[in-house]
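Novice: In terms of our numbering, the sequence shown opens at residue 957 and continues consecutively.
Sharing a structure here in structure tokens format.
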Amino acid sequence: GKIASIPGAGVESHDIQKLSPRQWLNDEVINFYLKMIERRTQRTKDLELIADVKKRWNGIWNVHVFNTFFYEKLVKQGYAGVRQWTRKVDIFTKDLILLPINLGQAHWVCAAINMRKLRFEYYDSMHSYNRKAFDVLSDYVHNEYNDKKKGEFGQLDLSGWKRYFSQQSPIQANGFDCGVFASMTIEQLSRRNDESDAEEEEEWNFSQDDMPYLRKRMVYEIATTN
């Protein structure tokens, strides 16, 4: 039966089983978790509007999260396949766009479009470089700009954008924890603030040793969300 649901995502008991030790996370679990992250970032941005907390919260990055099907659809169907995904979202007003990528139905990684630093970012718990992902995201931003902005600001020049391949992100030591790594990477990246404008990566707050605990924490967070 249904364990939890929020607008745009839901998980059933068989999905939650995927958070048991040594299990591979499925789309439903990851997408629910990403939806929770997106809701938290939105609530945090809303808090900025309240005067007395403005000082404390000001500078939190404005984040948008795409779900697990976005990249797959983009690769299979091209830009036309995802054109409607941003009907209500202007990604060019965001600081950071985060997305999980499922490589060959065998490995979860995380990518980012960093509007603030003008760079494409790639985080893989196996530390494998992926040139195709950079190309796909670059083409997407170009097409999205042409489609949504209709050249009102002239052409979008991506020549100055960098491609950032993380070699500091936590490394997994098995074949089944990649979904947790990708989820936690997105979770941590979504919490960037003004101090994150430095060039170097921030210290990561999890590692392989934390996986058993993090799986349990994800179960708890999903089950108690509202």
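Glycine included, every Cβ here is placed at the ideal spot set by N, Cα and C.
Just to confirm the assignment: which complete beta strand (DSSP E) runs, minimum length 3, are found wholly within the stretch 1070-1140?
Specialist: 1075-1079 and 1118-1121
Novice: Tell me the DSSP secondary structure of lysine 1029 in three-state form.
Specialist: Within the sequence shown, numbered from 1, the residue matching residue 1029 stands at position 73. It is helical.
Novice: If you reduce the DSSP assignment to three classes, tell me which class glutamate 968 lands in.
Specialist: Within the sequence shown, residue 968 is the residue found at index 12, counting from 1. If DSSP states are grouped into helix, strand and coil, glutamate 968 belongs with the strands.
Novice: Can you list, in chain order, the residues of its chain whose CB lies under 6 Å from that of alanine 1129, leaving out five sequence neighbours each side?
Specialist: Numbered from its first residue, the sequence shown carries residue 1129 at position 173. Taken in chain order, the residues that qualify are Gln1164.
Novice: With 16 other CB atoms within 10 Å as the buried threshold, where does serine 1081 fall?
Specialist: For this step, residue 1081 is matched to residue 125 along the sequence shown. So serine 1081 counts as buried.
Novice: If you draw a straight line from the C-alpha of aspartate 971 to the C-alpha of cysteine 1134, how long is it?
Specialist: Residue 971 sits at position 15 when you count from the first residue of the sequence shown. Residue 1134 sits at position 178 when you count from the first residue of the sequence shown. Roughly 16 Å separates the two Cα atoms.
Novice: Are the beta-carbon atoms belonging to serine 1139 and isoleucine 986 less than 8 Å from one another?
Specialist: Here residue 1139 refers to the residue found at position 183 of the sequence shown. Here residue 986 refers to the residue found at position 30 of the sequence shown. Yes, they are a contact pair.
Novice: In chain order, what residues of the same chain have a beta carbon less than 7 Å from the beta carbon of proline 1168, not counting five sequence neighbours either side?
Specialist: For this step, residue 1168 is matched to residue 212 along the sequence shown. So the qualifying residues of the chain are Pro977.
Novice: Starting from isoleucine 1178, follow the alpha helix (DSSP H) in both directions and report where the run begins and ends.
Specialist: Taking the first residue of the sequence shown as position 1, residue 1178 is located at position 222. Isoleucine 1178 -> alpha helix (DSSP H) spans 1167-1179.
Novice: Could you compute how far the alpha carbon of tyrosine 938 sits from the alpha carbon of alanine 1036?
Specialist: The question about residue 938 has no answer here: the residues shown for the chain are numbered 957 through 1182.
Novice: So for asparagine 987, helix, strand or coil by DSSP?
Specialist: Within the sequence shown, numbered from 1, the residue matching residue 987 stands at position 31. Helix.
Novice: So, under 8 Å CB-CB, valine 1097 and leucine 1114 are touching, yes? Tell me the CB distance rounded to an integer number of Å.
Specialist: In the sequence shown, residue 1097 corresponds to position 141, counting from 1. In the sequence shown, residue 1114 corresponds to position 158, counting from 1. That pair is a contact at about 7 Å.
Novice: Can you find the residues in the same chain that come closer than 6 Å, C-beta to C-beta, to tryptophan 980, ignoring five residues on each side of it along the sequence?
Specialist: Start at 1 with the first residue of the sequence shown, and residue 980 comes out as number 24. Around tryptophan 980: Phe1132.
Novice: Skipping 5 residues on each side, what residues in its chain have a beta carbon closer than 7 Å to that of lysine 958?
Specialist: Numbered from 1 along the sequence shown, position 2 holds the residue referred to as residue 958. For lysine 958, where only same-chain residues beyond five positions count, the Cβ hits under 7 Å are Gly966 and Glu968.
Novice: Please state whether the Cβ-Cβ distance between asparagine 1023 and leucine 1052 is less than 8 Å.
Specialist: As a first step, residue 1023 must be located in the sequence shown, where it is residue number 67. As a first step, residue 1052 must be located in the sequence shown, where it is residue number 96. No, these two residues do not count as a Cβ contact at 8 Å.
Novice: Isoleucine 962 and threonine 1141: beta carbons closer than 8 Å?
Specialist: Taking the sequence shown and counting its residues from 1, one reaches residue 962 at position 6. Taking the sequence shown and counting its residues from 1, one reaches residue 1141 at position 185. Against a cut-off of 8 Å, the Cβ pair of threonine 1141 and isoleucine 962 comes out as no contact.
Novice: Which same chain residues, not among the five before or five after histidine 1063, have their C-beta less than 6 Å away from its C-beta?
Specialist: Within the sequence shown, residue 1063 is the residue found at index 107, counting from 1. So the list reads Cys1134, once near-sequence residues are dropped.
Novice: Kindly indicate which three-state DSSP category alanine 1067 falls into: helix, strand or coil?
Specialist: Residue mapping note: residue 1067 aligns to position 111 of the sequence shown, counting from 1. Strand.
Novice: Cutting at 7 Å between CB atoms, please list the residues of its own chain near lysine 1001, excluding the five before and the five after it.
Specialist: Looking up residue 1001 in the sequence shown gives position 45. Excluding residues within five positions, the ones whose Cβ falls inside 7 Å are Ile1016 and Asn1018.
Novice: Give me whichever residues DSSP pairs with alanine 960 in a beta bridge.
Specialist: On the sequence shown, residue 960 is found 4 positions in, with the first residue counted as 1. Answer by DSSP bridge pairing, in chain order: Val967.
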